[in-house]
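Numbering (the working numbering), first residue to last: -16 to 403.
Cβ coordinates follow ideal geometry from the N, Cα and C atoms, glycine included.
Below is one structure, written out as structure tokens, with a few remarks after it.
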Amino acid sequence: MHEPATPHLATTDPQVAELVSAEARRQFEKIRLIASENYVSTSVLEATGTVLTNKYSEGYAGKRYYEGQQVVDPLELLAIGRAKALFGVDHANVQPYSGSPANLAVYLAFAEPGDTIMGMALPAGGHLTHCWSVSATGKWFRSVQYGVRKDTGRIDLDEARDIALRERPKLIFCGGTAIPRTIDFPAFAEIAREAGALLVADIAHIAGLIAGGAHPSPVGHAPVITTTTHKTLRGPRGAMLLSDAEHAKPLDKAVFPGLQGGPHNHTTAAIAVALGEASTPAFQDYAHAIVANAKALAEALTERGYELVSGGTDNHLILVDLTNKGIAGKPAAKALDRAGIELNYNTVPFDPRKPFDPSGIRLGTPAITTRGLGVADMPKLAEWMDRAITAGDGGDEAALDTVAAEIRELLAGYPMPGWA
Ligand code: DSN
-16 MHEPATPHLA
-6 TTDPQVAELV
4 SAEARRQFEK
14 IRLIASENYV
24 STSVLEATGT
34 VLTNKYSEGY
44 AGKRYYEGQQ
54 VVDPLELLAI
64 GRAKALFGVD
74 HANVQPYSGS
84 PANLAVYLAF
94 AEPGDTIMGM
104 ALPAGGHLTH
114 CWSVSATGKW
124 FRSVQYGVRK
134 DTGRIDLDEA
144 RDIALRERPK
154 LIFCGGTAIP
164 RTIDFPAFAE
174 IAREAGALLV
184 ADIAHIAGLI
194 AGGAHPSPVG
204 HAPVITTTTH
214 KTLRGPRGAM
224 LLSDAEHAKP
234 LDKAVFPGLQ
244 GGPHNHTTAA
254 IAVALGEAST
264 PAFQDYAHAI
274 VANAKALAEA
284 LTERGYELVS
294 GGTDNHLILV
304 DLTNKGIAGK
314 PAAKALDRAG
324 IELNYNTVPF
334 DPRKPFDPSG
344 IRLGTPAITT
354 RGLGVADMPK
364 LAEWMDRAIT
374 AGDGGDEAAL
384 DTVAAEIREL
394 LAGYPMPGWA
């Protein structure tokens, strides 16, 4: 049963209640390896489902365009204070609806349409909003992109520096969605300094690792930082902008009135709760356990002959190139899902295949670590993955069912927040 319970919904709209319950059960019974997903705590779930959703609050604390902010103002200030303390920054804005609007706010604050922007290429591990061609950012700005080295699969800092010095971008984005290695913030800061660019660190994937001390922080290197709140940070779906004092005002103006209307106050409450949780010693342990699990899983997959981009991982994320296994990413991901292991197919650097049918799969350990799985479980997980991929390749439905049943049996012993 979903927790918090949904008795009113069950009475008034059983159709929706049943779907909510089915999703909770699905999340309970599956090994969830999507690198950008997690299980939020029951407290975060409760905060999200509150009457705060009823309130409009355009503006900022003390300067709103609607009355009745006696509660929302202190609530938003609480979330801001917790974000500043957790990440050690001068300024935080907790209003962006999600990661893409947060990144758009950075463009609006510090660039003009047509300016040159440098980001990591999407197929190399960057994000659409780092000025990739099909994104609005790539259409409205002049994009220059860096990638990874072919021999190491790691970010090519020499290439990034060459491009930056040649093209003199206004903004340089570092960070992305499929980077299995530590991001060298001091090196990017040096490149930005030489090129006269503003460095923007998008830490959406690794915010929880940074908060928990399991990845170096960009603070002191990148004056502007963007992040979602729902990945390793384990909060509700939302985002934040963090910055030094100098860049605070333009960011706030870009979020409101530049891009957004009223903030989602129920999300702000849940962000405050998640930030409170992330400032505990238990969260430090969690962040380190995510990385330990990823390293153990990477090792176990390598032992089974899987080729990992960059040869392994430093963080929560593993990118597998399935070319040597003779199966593409999409059919492998579908077979794995059928067998109770959820992840996404993904391009790998220099992928000869198309993005909708790429060569790789991307996986991450934030959710399974929240669930309580540990390093000792990773060889078994690699075995299940291997069996599922092999069975999927051969169309062996019975073998996929067997793996799914074994997984359900294991997970029955691991509680899930949100499922009673
Ligand atoms: N949804 C994010 C991810 O999966 O990494 C990208 O936008």
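**Asked** So is R15 buried or exposed if we call it buried at 16+ other beta carbons inside 10 Å?
**Response** Around the beta carbon of R15, 16 or more other beta carbons lie within 10 angstroms, which makes this residue buried.
**Request:** Only counting runs of 4 or more residues, tell me where the alpha helix (DSSP H) segments fall wholly within the segment 233 to 278, in order along the chain.
**Result:** Counting only runs of 4 or more, we get 248 to 261.
**Request:** Would you mind stating whether V386 and G288 have Cβ atoms separated by less than 9 Å?
**Result:** No, the pair does not count as a contact, with Cβ atoms beyond the cut-off.
**Request:** Closer than 5 Å is what we want: which residues have a beta carbon that near any heavy atom of the ligand DSN? List them in chain order.
**Result:** Taking each Cβ in turn, the ones that pass are S19 and T160.
**Prompt:** Just how far apart, CA to CA, sit V404 and G158?
**Reply:** Residue 404 lies beyond the residue range present for the chain, which begins at -16 and ends at 403; the question has no answer from this structure.
**Prompt:** Skipping 5 residues on each side, what residues in its chain have a beta carbon closer than 8 Å to that of N329?
**Reply:** Excluding residues within five positions, the ones whose Cβ falls inside 8 Å are A161, L302, G312, P341, G343, I344 and R345.
**Prompt:** Does the count of Cβ pairs from the segment 212 to 229 and the segment 187 to 198 closer than 8 Å reach three?
**Reply:** Here the segment 212 to 229 makes contact with the segment 187 to 198; the two share three or more CB pairs at distances below 8 Å.
**Prompt:** Near V89, what residues of its chain come up, given a Cβ to Cβ distance below 8 Å and the 5 sequence neighbours on each side ignored?
**Reply:** Around V89: L154, V183, V207, T209, L224, L234 and A237.
**Item:** R125 versus A143, E229 and E150, residue with shortest Cα-Cα distance
**Value:** Per the Cα distances, E150.
**Item:** Identity of the residue in S293, A0 and A170 nearest A143 by Cα
**Value:** The residue with the shortest Cα to Cα distance from A143 is A170.
**Prompt:** How would you write the range of the beta strand (DSSP E) that L111 sits in, first residue to last?
**Reply:** Unbroken run through L111: none, as it is neither H nor E.
**Request:** With DSSP collapsed to three states, give me the class of D304.
**Result:** In the displayed model, D304 falls within a strand according to three-state DSSP.
**Prompt:** Is the beta carbon of H271 less than 9 Å from the beta carbon of A18?
**Reply:** No; because the gap between Cβ atoms is not below 9 Å, this pair is not in contact.
**Request:** Output yes or no for whether 9 Å exceeds the beta carbon distance between P163 and D297.
**Result:** Yes, the Cβ-Cβ distance between P163 and D297 is below 9 Å.
**Spatially closest choice to G244 from L28, C114, A30 and Y80, by CA coordinates** = Sorting L28, C114, A30 and Y80 by C-alpha distance to the C-alpha of G244 places Y80 at the top.
**Asked** From which residue to which residue does the alpha helix (DSSP H) around M368 run?
**Response** Per DSSP, M368 belongs to the alpha helix (DSSP H) from M361 to G377.
**Request:** Please say whether G241 and A92 have beta carbons closer to each other than 9 Å?
**Result:** Their beta carbons are under 9 Å apart, which means A92 touches G241 by this criterion.
**Prompt:** With distances taken from CA atoms, which of P349, A175, A350 and N327 is nearest F339?
**Reply:** Ranked by Cα distance from F339, the options P349, A175, A350 and N327 are led by N327.
**Prompt:** Counting along the chain, where does the alpha helix (DSSP H) carrying S83 start and finish?
**Reply:** For S83, the uninterrupted alpha helix (DSSP H) run begins and ends at G82 to F93, by DSSP.
**Asked** Measuring CA to CA, which of T348, P362, L319 and L305 is closest to R336?
**Response** Restricting attention to T348, P362, L319 and L305, the CA atom closest to the CA of R336 is found in L305.
**Message:** Need the endpoints of the alpha helix (DSSP H) that S4 sits in, please.
**Reply:** From DSSP, the alpha helix (DSSP H) with S4 extends over P(-3) to E12.
**Item:** Span separating the alpha-carbon of E20 from that of K232
**Value:** If you draw a straight line from the Cα of E20 to the Cα of K232, it comes to about 31 Å.
**Asked** In whole angstroms, what is the alpha-carbon distance linking P383 and A371?
**Response** The sequence given here places Leu at residue 383; Pro does not occur at that position. Distance between the alpha carbons of L383 and A371: 6 Å.
**Request:** Assign A211 to buried or exposed, taking buried as 16 or more other Cβ atoms, counted over all protein chains shown, within 10 Å of its Cβ.
**Result:** The question names Ala, but residue 211 is Thr in the sequence shown. Buried is the call here.
**Message:** Tell me the residue span of the beta strand (DSSP E) that contains R391.
**Reply:** Note, R391: premise wrong, no beta strand (DSSP E); alpha helix (DSSP H) at E380 to L394.
**Message:** Tell me which residues share the same chain as M361 and place their Cβ nearer than 7 Å to its Cβ, disregarding the 5 neighbours each side in the sequence.
**Reply:** For M361, where only same-chain residues beyond five positions count, the Cβ hits under 7 Å are N276, A279, L280 and A283.
**Request:** Would you be able to state if there are at least three C-beta pairs under 8 Å between the segment 131 to 145 and the segment 58 to 78?
**Result:** Look at the beta carbons and you see the segment 58 to 78 not touching the segment 131 to 145: under three pairs across the two are nearer than 8 Å.
**Asked** Taking the alpha-carbon positions, what's the F266 to G97 distance?
**Response** A straight line joining the alpha-carbon of F266 with that of G97 spans about 42 Å.
**Asked** Taking buried to mean at least 16 other C-beta atoms within 10 Å of its own C-beta, is Y48 buried or exposed?
**Response** In summary, Y48 is exposed, with fewer than 16 beta-carbon neighbours lying within 10 Å of its beta-carbon over all protein chains present.
**Request:** With DSSP as the reference, label A62 as helix, strand or coil.
**Result:** Three-state result, A62: helix.
**Asked** Which value, in whole angstroms, describes the spacing of the CA atoms of K67 and P57?
**Response** Computed Cα separation, rounded: 15 Å.
**Prompt:** Does the beta-carbon of P246 have 16 or more other beta-carbons within 10 angstroms, so that it is buried, or is it exposed?
**Reply:** P246 is buried by the Cβ-count criterion.
**Item:** G191, enclosing alpha helix (DSSP H) - first and last residue
**Value:** Per DSSP, G191 belongs to the alpha helix (DSSP H) from A190 to A194.
**Item:** Contact under 9 Å by Cβ, F239 with E50
**Value:** The criterion of a C-beta distance shorter than 9 Å is not satisfied by F239 and E50.
**Asked** Is L35 near A252, with beta carbons less than 9 Å apart?
**Response** Result yes, Cβ atoms of L35 and A252 sit closer than 9 Å.
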